[in-house]
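Peer 1: The structure follows.
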Amino acid sequence: MSVQLGLPQLREGGAPGSGSQPLPVERPDGIPARRPADAPAGLADRYGRRATDMRLSLTDKCNLRCTYCMPAEGLEWLAKQAVMTGEEIVRIVGIGVNLLGVRELRLTGGEPLVRADLVDIIGALRQAHPELPISMTTNGVGLDRKAAALKAAGLTRINVSLDSLHEETFTKLTRRPFLDRVLAGVDAAWAAGLGPVKLNAVLMRGINDTESPSLLAWALERGYELRFIEQMPLDADHGWTRRNMITAAEIRELLSEEFVLSPDPRARDGAPAERFEVRRRTGSGSSGDSGGSAESAGADSHGPVLGTVGIIASVTEPFCSDCRRTRITAEGKIMSCLFSREEFDLLGLLRQGAGDEELAERWQDAMWLKPKAHGMDHVGLDAPDFVQPDRSMSAIGG
Ligand SMILES: Nc1nc2c(ncn2[C@@H]2O[C@H](COP(=O)(O)OP(=O)(O)OP(=O)(O)O)[C@@H](O)[C@H]2O)c(=O)[nH]1
Ligand SMILES: C[S@@+](CC[C@H](N)C(=O)[O-])C[C@H]1O[C@@H](n2cnc3c(N)ncnc32)[C@H](O)[C@@H]1O
Ligand code: SF4
Ligand code: SF4
1 MSVQLGLPQL REGGAPGSGS QPLPVERPDG IPARRPADAP AGLADRYGRR
51 ATDMRLSLTD KCNLRCTYCM PAEGLEWLAK QAVMTGEEIV RIVGIGVNLL
101 GVRELRLTGG EPLVRADLVD IIGALRQAHP ELPISMTTNG VGLDRKAAAL
151 KAAGLTRINV SLDSLHEETF TKLTRRPFLD RVLAGVDAAW AAGLGPVKLN
201 AVLMRGINDT ESPSLLAWAL ERGYELRFIE QMPLDADHGW TRRNMITAAE
251 IRELLSEEFV LSPDPRARDG APAERFEVRR RTGSGSSGDS GGSAESAGAD
301 SHGPVLGTVG IIASVTEPFC SDCRRTRITA EGKIMSCLFS REEFDLLGLL
351 RQGAGDEELA ERWQDAMWLK PKAHGMDHVG LDAPDFVQPD RSMSAIGG
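Numbering (full-length UniProt numbering), first residue to last: 1 to 398.
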């Protein structure tokens, strides 16, 4: 079970703040539950990082059942009243932006498009924060009908998950026959001006791994930025194994059959994706000579840059030391790390009548306790002491 962090016990009907019990000074492991008074401003943590990128889950529901995320059946949805309303979302985002230094917002889920009030929520967020970059990660089902409205409401850009261009493979991975609908959604997002359109593909051994070069060729032709993602242990079925996952080194090797990758000179800026410039492999057509690492390709030897590709290597090349993310789940819980086993019930406190300042302080306290990496004090999703969160990726907000 996840631990609920530091929610003060309020007197019945009483206002928070003066009426609340003080938070425990120390947790059993000796870490103070409140951040020290001289801690840096904003959403700082004990490891010198500061979260400025907020990822907010709009719902735990989804219309696909990707094998690396959800079970085929049997996952219960949150009760409607447990999920943040549009107004609550706007208030929480406002606290993050106005009081805590949040500079970017990502809407995710579950599947954000299944929320009937999605366009209204985006419109209200945009009205409150005219300059805030607001992006969304979606599976793309139904996006063809909503892309223009999302753009008009103020969405800045979009990422769409697309693991395969083969109907059979897509259906096997997502357990739903919706490839055509996703492709229509990707095109509509581009046409609506929601670019740069980024595509996410989780590679699964023996299913879509060998398709990676053709998926990249397809994306490059259309001007989409494809990112390959290492599968993480966040599936409801707990089927992940380190041995069976496709690593970043393998991804580079697979792509080297057709392409030459060289490091993108732009700064990474804490992004999960390491970006590479892509050129088509010319000459002998030899494959596999990159040894799993990016080559320094001369423009003449391999032709012009066709675009970029990203590799998100959360498992084998983690980027936790520069993590700038804070997460809010659909039921308004703060998760300081994707793999946190401790959550802080911000929505509960809000519904008890807490003011913005108090909510901001509690958010800071929760982030102060952010683990160093992978929910622990060290990296290692395959480490013996790693414990997979109770929630699947869909319920956390990926
Ligand atoms: N380990 C880890 N992986 C993350 C985290 N955030 C995102 N990811 C992974 O990165 C993938 C892509 O995330 P997206 O929501 O598409 O966006 P992004 O790559 O963070 O951001 P942009 O490139 O700015 O669009 C997710 O599917 C996760 O697999 C994180 O905080 N920790
Ligand atoms: C949880 S989904 C939520 C948004 C939307 N439903 C979608 O699929 O884009 C966000 C991202 O998490 C990724 N994801 C889900 N489970 C994952 C896992 N076990 N390992 C790595 N990435 C995962 C998906 O591929 C997707 O790109
Ligand atoms: S990855 Fe996204 S689309 Fe797939 S099951 Fe999870 S939440 Fe749904
Ligand atoms: S695993 Fe945790 S610390 Fe590492 S990048 Fe993801 S959210 Fe940040």
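Quick reminder that beta carbons are idealized off the backbone N, C-alpha and C, glycines included.
Fair warning: this is a prediction, and the values are worked out from it, not measured in the lab.
(1) Compute the Euclidean distance between the alpha carbons of Leu369 and Thr282, then round it to the nearest angstrom.
(2) Quick check: the Cα distance between Cys62 and His302, rounded to an integer number of angstroms?
(3) On a CA-only basis, which of Phe178, Arg103, Thr169 is nearest residue 403? Give me that one, please.
(4) I want to know whether the segment 234-246 touches the segment 64-74 - three or more CB-CB distances under 8 Å.
(5) Please confirm whether any heavy atom of ligand 5 lies closer than 8 Å to the CB of Tyr68.
(6) In angstroms, rounded to a whole number, what distance separates the CA positions of Val260 and Leu100?
(7) Look up Arg280 in the DSSP assignment and give the residues it is bridged to.
(8) Three-state secondary structure (DSSP) at Asp209?
(9) Work out the CA separation of Arg351 and residue 406 for me, nearest whole Å.
(10) So, for Thr137: in the same chain, excluding its five sequence neighbours on each side, which residues have a beta-carbon less than 6 Å away from its beta-carbon?
(11) When the Cα of Ala273 is compared with those of Thr156, Ala354, Arg227, Pro265, which residue comes out closest?
(12) Would you mind stating whether Ser164 and Leu150 have Cβ atoms separated by less than 9 Å?
(13) By Cβ distance, which residues of its chain are closer than 6 Å to Arg181, with the 5 residues on each side in sequence left out?
(14) Taking its Cβ as the centre, do 16 or more other Cβ atoms sit within 10 Å of Glu76, making it buried, or is it exposed?
(15) Apart from the five residues just before and just after Val379, which ones in its own chain have a Cβ nearer than 7 Å to its Cβ?
(16) Does ligand 4 have even one heavy atom less than 8 Å from the beta-carbon of Gly380?
(17) What residue does the beta strand (DSSP E) around Gly348 start on, and which one ends it?
(18) When you compare the CB positions of Ala330 and Ser135, do they come within less than 9 Å of one another, or not?
(19) Provide the residue span of the alpha helix (DSSP H) that contains Ser340, from first to last.
(20) By DSSP's criteria, Phe228 is part of a beta bridge. Which residues make up the other side?
(21) Among Arg34, Gly398, Met367, Ile229, whose alpha-carbon lies nearest the alpha-carbon of Ala42?
(22) Can you have a look at Asn244 and say buried or exposed, based on whether 16 or more other CB atoms are within 10 angstroms of its CB?
(23) Is the beta carbon of Asp60 sitting closer than 9 Å to the one on Gly86?
(24) Where does Glu253 land, buried or exposed, given buried means 16+ other C-beta within 10 angstroms?
(25) Please report the straight-line C-alpha distance between residue 401 and Glu357, rounded to a whole angstrom.
(26) Just the C-alpha distance for Ile396 and Glu230, rounded to the nearest angstrom, thanks.
(27) Taking only heavy atoms of ligand 2 into account, decide whether any of them is closer than 8 Å to the Cβ of Cys320.
(28) Quick one: what's Asn159 bridged to in DSSP?
(29) How do the segment 328-345 and the segment 376-393 stand: do at least 3 beta-carbon pairs fall below 8 Å, yes or no?
(30) Please classify Lys333 as buried or exposed, where buried requires at least 16 neighbouring CB atoms within 10 angstroms.
(31) Please confirm whether any heavy atom of ligand 4 lies closer than 8 Å to the CB of Arg325.
(32) Is Ala39 closer than 9 Å to Gln364 when the C-beta atoms are compared?
(33) Could you give the residue range of the alpha helix (DSSP H) that holds Leu183?
(34) State the start and end residues of the unbroken beta strand (DSSP E) segment that holds Arg325.
(35) Only counting the same chain, and skipping five residues up and downstream in sequence, which positions put a Cβ closer than 8 Å to that of Val305?
(36) Kindly list the residues whose CB is nearer than 7 Å to the CB of Gly193, restricted to its own chain and excluding five residues on each side of it in sequence; keep chain order.
Peer 2: From the atom records:
(1) 50 Å
(2) 42 Å
(3) The structure shown does not extend to residue 403, since the chain is modelled only from 1 through 398, so no value can be given for it.
(4) Contact holds: three or more Cβ-Cβ distances are below 8 Å.
(5) Because ligand 5 does not appear in the structure shown, any question about it cannot be addressed here, the ligands present being ligand 1, ligand 2, ligand 3 and ligand 4.
(6) 42 Å
(7) In the DSSP output, where bridge partners are listed per residue, Arg280 has Phe259.
(8) helix
(9) The shown model of the chain, from 1 to 398, leaves out residue 406, and the question about it has no answer.
(10) Thr108, Asn159
(11) Arg227
(12) no
(13) Close CB contacts of Arg181 within its chain, under the 6 Å cut and outside five residues either way in sequence, are with Val141 (chain order).
(14) exposed
(15) Pro318, Cys320, Ala373
(16) no
(17) First-last for Gly348: 346-351, but that is the alpha helix (DSSP H), not the beta strand (DSSP E).
(18) no
(19) Here Ser340 belongs to no alpha helix (DSSP H), and DSSP marks it neither H nor E.
(20) The partner list for Phe228 (beta bridge, DSSP) reads Ala201, Ile311.
(21) Checking the sequence shown, residue 42 turns out to be Gly, not Ala. It is Met367.
(22) Answer is exposed; the Cβ neighbour count stays below 16.
(23) no
(24) The residue in question, Glu253, is buried, as its Cβ has 16 or more Cβ neighbours within 10 Å.
(25) Absent from the model: residue 401. The displayed extent of the chain is 1 to 398, so no value can be given.
(26) When the Cα atoms are used, Ile396 and Glu230 turn out to be separated by approximately 18 Å.
(27) no
(28) Thr137, Lys198
(29) yes
(30) buried
(31) yes
(32) yes
(33) 179-191
(34) Its beta strand (DSSP E) spans residues 325-328.
(35) Glu277, Val278, Arg279, Ala299
(36) Taken in chain order, the residues that qualify are Lys151.
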